[in-house]
Amino acid sequence: MVDDTDLIAGARAGDRLAARRLYDRHAPRVYRLIFRMVGEESLAQEYTQDTFVKAFDRLEQYRGESAFSTWLHSVAMSSVLTGFRRRKRFRSRETELEAASSVAATVENADPYLRDRLTAELERLPERLRVPVVLHDIEGFTHREIGEMLNIPQGTSKARLFEARTRLREALAGVATEQ
Amino acid sequence: MMRDQDLERRLSELRDNWRVAGDPPLDRMWERVEAAAFAPAPRRGGRWIRTLLPLAAMLVLGFGIGQVAPRLARKSSAPAAPESVARSPEGARMRNVSSQEVPFVGVATDYLERVTALLVTLAGQSRDGKSLEYSATQARDLLATTRLLMDAPQRLDPHLQGLLEDLELVLAQIARLPAKPDSPDVYLIDQTLDQRDVIPRLRVFLAENPISQP
Numbered sequence: 000m001v002d003d004t005d006l007i008a009g010a011r012a013g014d015r016l017a018a019r020r021l022y023d024r025h026a027p028r029v030y031r032l033i034f035r036m037v038g039e040e041s042l043a044q045e046y047t048q049d050t051f052v053k054a055f056d057r058l059e060q061y062r063g064e065s066a067f068s069t070w071l072h073s074v075a076m077s078s079v080l081t082g083f084r085r086r087k088r089f090r091s092r093e094t095e096l097e098a099a100s101s102v103a104a105t106v107e108n109a110d111p112y113l114r115d116r117l118t119a120e121l122e123r124l125p126e127r128l129r130v131p132v133v134l135h136d137i138e139g140f141t142h143r144e145i146g147e148m149l150n151i152p153q154g155t156s157k158a159r160l161f162e163a164r165t166r167l168r169e170a171l172a173g174v175a176t177e178q
Numbered sequence: 000m001m002r003d004q005d006l007e008r009r010l011s012e013l014r015d016n017w018r019v020a021g022d023p024p025l026d027r028m029w030e031r032v033e034a035a036a037f038a039p040a041p042r043r044g045g046r047w048i049r050t051l052l053p054l055a056a057m058l059v060l061g062f063g064i065g066q067v068a069p070r071l072a073r074k075s076s077a078p079a080a081p082e083s084v085a086r087s088p089e090g091a092r093m094r095n096v097s098s099q100e101v102p103f104v105g106v107a108t109d110y111l112e113r114v115t116a117l118l119v120t121l122a123g124q125s126r127d128g129k130s131l132e133y134s135a136t137q138a139r140d141l142l143a144t145t146r147l148l149m150d151a152p153q154r155l156d157p158h159l160q161g162l163l164e165d166l167e168l169v170l171a172q173i174a175r176l177p178a179k180p181d182s183p184d185v186y187l188i189d190q191t192l193d194q195r196d197v198i199p200r201l202r203v204f205l206a207e208n209p210i211s212q213p
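Top to bottom, those sequences are chains C and G. Going by numbering that gives the first Met the number 0, the first sequence opens with residue 0, and the numbers climb by one from there. Going by numbering that gives the first Met the number 0, the second sequence opens with residue 0, and the numbers climb by one from there.
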């Protein structure tokens with residue numbers, strides 16, 4: 000089996016076949032990770048495409064200091080975060096209009112099951128806290144890998160995860176005692 | 000309250016049943032990737048210079064306003080922010096920050112002025128074909144400050160928080176720049192600044208919170 004290093008060298012030289020093999024090898028994992036972040040197929044496809052366009056464009060920057068998959072995931076996270084923020088801008092006014100009714104709606108539609116509440120609270124976390132939870136607790140990445148992906152120190156990743164878990168536990172306190 | 004171990008277990012259970020993706024349409028996605036990644040390269044450096052230079056000029060103007068405005072027009076009409084931003088709810092909210100969190104905003108303003116100066120320097124270095132190494136080093140320092148501000152115990156104004164998050168990305172991009180001035184990554188920074196309206200938001204914040212001393 001040809002290893003990533005040879006395929007990367009080929010892709011850098013403009014060999015589309017090598018690039019395609021690199022893509023085939025890594026795209027499914029990148030897509031699954033992005034889907035976990037965005038929860039929509041069309042968006043996951045769009046951000047996966049962006050990831051590989053950027054990755055091939057920046058391939059010269061990859062110096063082999065970390066696994067290619069880790070580097071690729073950092074490009075993927077950059078695409079996702081850029082996409083989140085772009086979408087947030089478009090949605091901000093819409094969200095402000097909805098905010099007034101959200102509290103009542105939350106109580107009325109509260110799901111009695113912890114799992115559903117957990118996913119709801121997870122989705123409600125701010126992006127900077129939600130991302131470390133998904134990467135660490137759900138995807139199983141280490142803080143070192145998360146640090147590389149998000150370009151933050153490991154300590155920051157740990158601190159954000161701690162804060163996120165605290166908020167989740169607080170939000171779920173009532174539900175947990177009902178179980 | 001739920002114990003941490005219980006929460007961890009519940010979260011790990013989501014691995015198999017929350018947002019689990021089906022198979023992606025690899026061939027269809029590849030068509031776009033191939034078309035975009037292997038098309039003849041556009042003249043990116045040209046676009047960077049064309050778009051950033053006016054922005055840099057705007058920044059210098061905003062920077063100057065931030066320094067001079069408190070002494071010239073403290074109680075008079077507000078310094079000129081871009082009309083579209085100044086009229087927006089974002090502009091209105093930014094105006095409220097200084098009265099509530101003056102000491103913190105002073106630190107934030109000083110930091111934002113340093114970011115502004117860095118962007119101006121970067122534009123000049125890129126235009127003149129000089130090494131970008133100095134800017135990358137500065138960006139690394141400012142990145143650390145950005146994260147300290149983001150993790151500060153004070154509850155941040157959401158718009159300042161948003162600006163800091165966007166600047167974190169921009170600074171991370173600059174910190175990773177190779178030294179060569181014609182790097183295609185400079186184009187990506189340009190794109191990020193453009194897509195997120197970073198420059199107008201910086202200007203508004205500096206114009207509305209002119210606390211730092213010259």
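Each residue gets a CB set at the ideal place from its N, CA and C atoms; glycine is no exception. Quick caveat, the model's predicted, so the values are computed rather than measured.
Residue range of the unbroken alpha helix (DSSP H) whose run includes residue i
i: P27 of chain C; result: 15 to 37
i: M28 of chain G; result: 25 to 36
i: R127 of chain C; result: 126 to 132
i: N16 of chain G; result: 3 to 16
i: A143 of chain G; result: 132 to 149
i: V19 of chain G; result: Note, V19 of chain G: premise wrong, no alpha helix (DSSP H); not H, not E.
i: Q153 of chain C; result: 153 to 170
i: V185 of chain G; result: 184 to 194
i: A190 of chain C; result: The displayed coordinates of chain C run from 0 to 178. Any statement about residue 190 of chain C would go beyond what the structure contains.
Local conformation of residue i per DSSP, three classes
i: F140 of chain C; result: coil
i: E64 of chain C; result: coil
i: A122 of chain G; result: helix
i: P199 of chain G; result: helix
i: V52 of chain C; result: helix
i: P81 of chain G; result: Note that P81 of chain G scores 45 on pLDDT, short of 50, meaning its location in the model is unreliable; the coordinates nonetheless yield the value given after this. Coil.
i: F204 of chain G; result: helix
i: L162 of chain G; result: helix
i: R49 of chain G; result: Only weak support is given to the placement of R49 of chain G: the predicted model assigns it a pLDDT of 49, under 50, and the value that follows is read from those uncertain coordinates. Reduced to three states, the DSSP call for R49 of chain G is helix.
i: V74 of chain C; result: helix
i: M0 of chain C; result: coil
i: G128 of chain G; result: coil
i: R57 of chain C; result: coil
i: P177 of chain G; result: coil
i: L155 of chain G; result: coil
i: Y46 of chain C; result: helix
i: Y110 of chain G; result: helix
i: Q172 of chain G; result: helix
Beta-carbon spacing of residue i, residue j below 8 Å
i: L176 of chain G; j: D165 of chain G; result: no
i: S73 of chain C; j: D49 of chain C; result: no
i: T47 of chain C; j: E147 of chain C; result: no
i: E202 of chain C; j: L160 of chain C; result: Outside the displayed range of chain C (0 to 178) lies residue 202 of chain C, so it cannot be described from this structure.
i: L113 of chain C; j: V174 of chain C; result: yes
i: Q276 of chain G; j: T191 of chain G; result: Summary: the structure shown does not reach residue 276 of chain G, with chain G confined to residues 0 through 213, and so no result is reported for it.
i: S130 of chain G; j: A178 of chain G; result: yes
i: F55 of chain C; j: D3 of chain C; result: no
i: E138 of chain C; j: R35 of chain C; result: yes
i: R164 of chain C; j: L124 of chain C; result: no
i: T115 of chain G; j: L205 of chain G; result: yes
i: A122 of chain G; j: A174 of chain G; result: no
Query raised in the report: Does the region 189 to 197 of chain G touch the region 145 to 152 of chain G, meaning 3 or more C-beta pairs lie closer than 8 Å?
Result: no
- Give a yes or no on contact between the region 16 to 33 of chain C and the region 3 to 13 of chain G, applying the rule of three or more CB pairs nearer than 8 Å. no
With three or more C-beta pairs closer than 8 Å as the rule, is the region 11 to 28 of chain G touching the region 152 to 170 of chain C? no
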